[in-house]
Amino acid sequence: DAKTTQPPSMDCAEGRAANLPCNHSTISGNEYVYWYRQIHSQGPQYIIHGLKNNETNEMASLIITEDRKSSTLILPHATLRDTAVYYCIVRVATRGGNNRKLIWGLGTSLAVNP
Amino acid sequence: DTGVSQDPRHKITKRGQNVTFRCDPISEHNRLYWYRQTLGQGPEFLTYFQNEAQLEKSRLLSDRFSAERPKGSFSTLEIQRTEQGDSAMYLCASSKDRGYSETQYFGPGTRLLVL
Chain A
33 DAKTTQPPSM DCAEGRAANL PCNHSTISGN EYVYWYRQIH SQGPQYIIHG LKNNETNEMA
93 SLIITEDRKS STLILPHATL RDTAVYYCIV RVATRGGNNR KLIWGLGTSL AVNP
Chain P
147 DTGVSQDPRH KITKRGQNVT FRCDPISEHN RLYWYRQTLG QGPEFLTYFQ NEAQLEKSRL
207 LSDRFSAERP KGSFSTLEIQ RTEQGDSAMY LCASSKDRGY SETQYFGPGT RLLVL
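Quick note, the sequences are listed as chains A and P, same order.
Heads up: the first sequence begins at 33 in my numbering, then just goes up one per residue.
Heads up: the second sequence begins at 147 in my numbering, then just goes up one per residue.
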């Protein structure tokens, strides 16, 4: 079972920031938080990941709370092309052979409106 | 930058037929994953390879499913005696060993419809 909880849907106005929350209250100290998105009928697209520090790249920012029990993905200026299902996933950090799979929930369906 | 490619993109088959899908990972990525996604659900893990070795298989991967990765390059996923319940999007992802943290990059998927 997925170890994360996300709201099923959200709306955002074009040009505004989209803040997508994720709850991962049972996260372990060695688990990373990953975010992917999936635009209709396409393969998932990697966005960003982090362990405990906030992260930023050209697509988004990831804010992880100090207790690591929740995080927020921020799309600073949402466009219509950001309309997609956004998945928050926790995965154990391992150098071993197993536990590398991603376990997906249902994600948040983000609608960016003009 | 060449991403993960999958072939075919769409496949329609009749129940009982065999189908084979191909995945070409990003160059130099030593890990390759297969996932399956049905409508309205998140992807589900099927199996994963490190180089040519198949290291993990899901219980979803029944004996009608087989995956190979000869020479650690491209991979094939074969479904024998297809059933209507096999209708889904089959996704391939690849990654490169970066120690404790790795990122899986996905292909466009192969959409299978079993009639």
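From the three backbone atoms N, C-alpha and C, an ideal C-beta is built for every residue, glycine too.
The region 200-214 of chain P and the region 36-51 of chain A do not touch, with fewer than 3 CB-CB distances between them shorter than 8 angstroms. Apart from sequence neighbours up to five positions away, the residues of its chain that approach Glu63/A with a beta-carbon distance below 6 angstroms are Val122 and Val124, ordered along the chain. Residue burial is scored here from C-beta neighbours: Pro216/P has fewer than 16 other C-beta atoms within 10 angstroms and is therefore classed as exposed. In the DSSP annotation of this structure, His175/P is not part of any beta strand (DSSP E), being labelled neither H nor E.
Note that the C-beta distance between Gly75/A and Val150/P is below 9 angstroms. For the set Gln183/P, Gly188/P and Pro154/P, the Cα lying nearest the Cα of Asp170/P is the one of Pro154/P. Under the Cβ distance rule, Phe211/P does not count among the residues neighbouring chain A, no pair being separated by less than 9 angstroms. By a beta-carbon distance limit of 8 angstroms, Leu134/A contacts Gln250/P. Their separation comes to about 6 angstroms. The straight-line gap separating the alpha-carbon atoms of Phe252/P and Ile158/P is approximately 22 angstroms. Under DSSP, Gly82/A shares a beta bridge with Val65/A.
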